[in-house]
Structure formats: C-alpha cells, structure tokens
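Peer 1: To convert, take the position in the sequence shown, counting from 1, and add 49; that gives the numbering used here.
Backbone N, C-alpha and C define an ideal beta-carbon position, used for all residues, glycine too.
The structure presented is a predicted model; accordingly, all values stated were derived computationally and were not measured.
Before anything else, here's the structure in question.
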Amino acid sequence: MHPSLDIDTATHAGPQTVLTITGALDMDTVPHITVATDPVDLGGRTLVLDLAAVTFMDSAGLNTLLILRNRVEAEQGTLELRGLPDQALRLLDITGVRALFTLTP
Numbered sequence: 050m051h052p053s054l055d056i057d058t059a060t061h062a063g064p065q066t067v068l069t070i071t072g073a074l075d076m077d078t079v080p081h082i083t084v085a086t087d088p089v090d091l092g093g094r095t096l097v098l099d100l101a102a103v104t105f106m107d108s109a110g111l112n113t114l115l116i117l118r119n120r121v122e123a124e125q126g127t128l129e130l131r132g133l134p135d136q137a138l139r140l141l142d143i144t145g146v147r148a149l150f151t152l153t154p
C-alpha cells in the first residue's frame, strides 16, 4: 500500500497562495505537488505550503521543495513552509538546507 497525499485547493489571502498538504511526501506522491503548483502565479507573491499534516518526507519530497524554492525565487516570490513536522525538520537539518527555507509554526 502506497501512502497517499492530499492537497487542498489553493486559497488566496492577499499576496499569499496557501496549499494545505496532507500525507507523505515521497517519490510516489511528489508529482502531485508539481501538478498543484505549476499553474500558480508566483510573481511577487508568497506561496505558503501548510505541511502540518505531512506524515513523512523523504529525499524526493525534499528535492521537490528545493526545486519549488528555486522556481519561486526565480519569479521574485517567497516560499514559506508552515507547520513542518519534526521528522521533516530533521531531514532539513541533516542535509544542511534548513536555512534555505522560511519556516513558520
């Protein structure tokens, strides 16, 4: 059985677009992140990924976040990771990329 991933429809609050992600971020599910974020206009906006309900993140999930971060910066936007669980925070720390992200509780 493969873990599932749910992405709530983006909500727009001023200059922010918020995506709420639930489930595992792994090689089977990360393509859904790309599908959900590709159509979002990031120019000068903040993309908030609410990850409080993420149950697991592996290197594929981390790679997807790094690619998304690069895209957001190229479009002069900001990426904010909200509510990142402890396991995912440890992954960011172990790989030395935590400082690349804006993290909020």
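#1: If I measure Cβ to Cβ from Asn-69 and keep anything under 6 Å in the same chain, skipping five residues before and after, which residues do I get?
#2: I think Leu-133 touches Arg-118, with their Cβ atoms under 8 Å apart; what is that distance to the nearest whole Å?
#3: Cα separation between Leu-140 and Gly-63?
#4: Can you tell me the Cα-Cα spacing of Val-84 and Thr-78, whole angstroms?
#5: For His-51, which residues in the same chain have their Cβ closer than 6 Å to its Cβ, ignoring the five residues on either side in sequence?
Peer 2: With the structure as the only source:
#1: Taking the sequence shown and counting its residues from 1, the one referred to as residue 69 is at position 20. Note that residue 69 corresponds to Thr in the displayed sequence, not to Asn. Cβ neighbours of Thr-69 beyond the five flanking positions: Asp-57, Asp-99.
#2: Position 84 of the sequence shown holds residue 133. Position 69 of the sequence shown holds residue 118. So it is not a contact: roughly 13 Å between Cβ atoms.
#3: Position 91 of the sequence shown, counting from 1, holds the residue named residue 140. Position 14 of the sequence shown, counting from 1, holds the residue named residue 63. If you take the alpha carbons of Leu-140 and Gly-63, they lie about 31 Å apart.
#4: Reading the sequence shown from its first residue, position 35 is the one you call residue 84. Reading the sequence shown from its first residue, position 29 is the one you call residue 78. Taking the straight line from one Cα to the other gives about 11 Å.
#5: Taking the sequence shown and counting its residues from 1, the one referred to as residue 51 is at position 2. Confidence in His-51 is poor, its pLDDT being 45 and thus under 50, which makes the residue's placement too unreliable to answer from.
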